[in-house]
Amino acid sequence: MTDITTEAATAAASGNAATESFARKQREAVATSTERVNTLVSELLSAAHDIIRRHKVTYAEYDVLKSWLIQVGQDGEWPLFLDVWLERVVEEVANENREGSKGTIEGPYYIPDAPHLPAEATLPMRENEAGTPLLFQGQATSVDGTPLSGALVEIWQADNEGYYAQFAPGLPEWNLRGTVVADDQGNFKIHTIEPAPYQIPTDGSCGKLIAAAGWHAWRPAHLHLKVSAPGHQLITTQLYFQGGSHVEDDIASAVKPELILDPKPAADGSGNEVTYDFVLDKA
Ligand code: MBD
Ligand code: FE
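With full-length UniProt numbering applied, the sequence shown corresponds to residues 1 to 283, in that order.
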């Protein structure tokens with residue numbers, strides 16, 4: 001991995017770290033037929049040809065596109081670009097038949113094998129980690145209501161400035177990342193802080209596109225989760241905060257009404273608390 005702790009928080013530093021992280025991912029070997037490749041790629045190209053004809057795209061614009069695509073690669077921002085603007089539809093299709101809890105996109109900043117933590121745990125964080133303390137608790141069950149003993153609740157999130165450990169300089173390796181092992185009733189209690197909204201880096205190719213198109217660069221504050229148990233389908237999801245900035249206009253269009261938390265002040269006066277249960281489909 002690039003040692004981003006010695007680098008500035010640039011688009012290229014986080015982009016290249018995301019590209020290297022994706023390269024390490026264990027991917028299923030896909031036996032795609034020539035017929036399917038032909039169909040998918042031909043239709044994609046036809047859609048592009050159609051856009052060029054309808055809008056009379058010029059050579060100057062074609063060259064801008066070429067140089068921008070080259071820059072996306074140089075910045076390592078393909079994972080960011082794809083996860084922000086395409087992944088949500090892949091997720092929608094992949095999970096359209098699920099009966100349990102809703103999922104949403106994974107995004108570019110998941111790291112597998114975060115340290116295991118007990119069913120009640122505080123996420124690794126710096127001394128005096130900034131942000132409102134949050135107790136996030138709940139239960140993992142099967143669709144038939146059976147508690148999922150020892151379910152794994154993997155959680156990763158941005159800090160109070162919107163930065164993810166391992167993708168921004170200066171953060172401890174596993175800051176605000178962990179694999180919480182639920183108890184024998186599938187219950188978990190995670191002490192963390194509320195994350196800040198996430199802004200797509202403005203100094204890279206994705207930022208350039210956003211500025212050129214007159215869009216904004218924001219995702220609402222969110223917790224990322226993967227919840228899994230033997231014999232069940234893993235859920236990849238995110239949870240958002242009621243009333244937070246950009247819940248209504250996420251640049252990645254990954255918010256669903258079922259994924260919005262409404263934390264209340266904690267009984268003991270220390271920050272907020274919220275309960276959210278996960279229902280997993282059988283494998
Ligand atoms: C994120 O934090 C994220 O969750 C997604 C989907 C894309 C970019 C940054
Ligand atoms: Fe995120």
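Note that the Cβ used here is the ideal one computed from N, Cα and C, for glycine as well.
Below 6 Å CB to CB, which residues in the same chain sit around residue i once its five sequence neighbours on both sides are set aside?
i, result
"Gly244", "Pro220 and Ala221"
"Lys189", "Glu120 and Gln137"
"Lys264", "none"
"Ser270", "Pro133"
"Gly76", "Gly15, Asn16 and Thr19"
"Asp183", "Ala119"
"Glu194", "Gly131, Thr132 and Leu134"
"Leu45", "none"
"Phe241", "Ala221 and Leu261"
Taking only the alpha-carbon atoms, compute the straight-line gap between residue i and residue j and give it to the nearest angstrom.
i, j, result
"Phe278", "Gly100", "8 Å"
"Arg177", "Leu209", "30 Å"
"Glu96", "Glu127", "42 Å"
"Glu161", "Asp250", "17 Å"
"Lys282", "Tyr164", "32 Å"
"Arg54", "Trp68", "21 Å"
"Gln74", "Ala12", "8 Å"
"Gln26", "Ile111", "12 Å"
"Pro169", "Ala8", "6 Å"
"Val274", "Thr32", "43 Å"
"Val57", "Ala213", "16 Å"
Among residues of its own chain, excluding the 5 on either side of residue i, which ones have a beta-carbon nearer than 7 Å to its beta-carbon?
i, result
"Val72", "Trp78, Phe81 and Ser205"
To the nearest whole angstrom, what separates the beta carbons of residue i and residue j, a pair I think is in contact under 8 Å?
i, j, result
"Ala114", "Trp174", "6 Å"
"His191", "Leu135", "6 Å"
"Pro108", "Asp83", "5 Å"
According to the Cβ coordinates, are residue i and residue j closer than 8 Å?
i, j, result
"Leu259", "Thr104", "yes"
"His116", "Gln157", "no"
"Lys102", "Lys256", "yes"
"Tyr276", "Leu239", "yes"
"Ala151", "Ala229", "yes"
Could you check where the beta strand (DSSP E) with residue i kicks off and where it finishes?
i, result
"Ile52", "Counting along the chain, Ile52 falls outside any beta strand (DSSP E), though it belongs to the alpha helix (DSSP H) covering Thr34 to His55."
"Thr192", "Asn187 to Ile193"
First and last residue of the alpha helix (DSSP H) that includes residue i?
i, result
"Gly271", "Per DSSP, Gly271 belongs to no alpha helix (DSSP H) and is neither H nor E."
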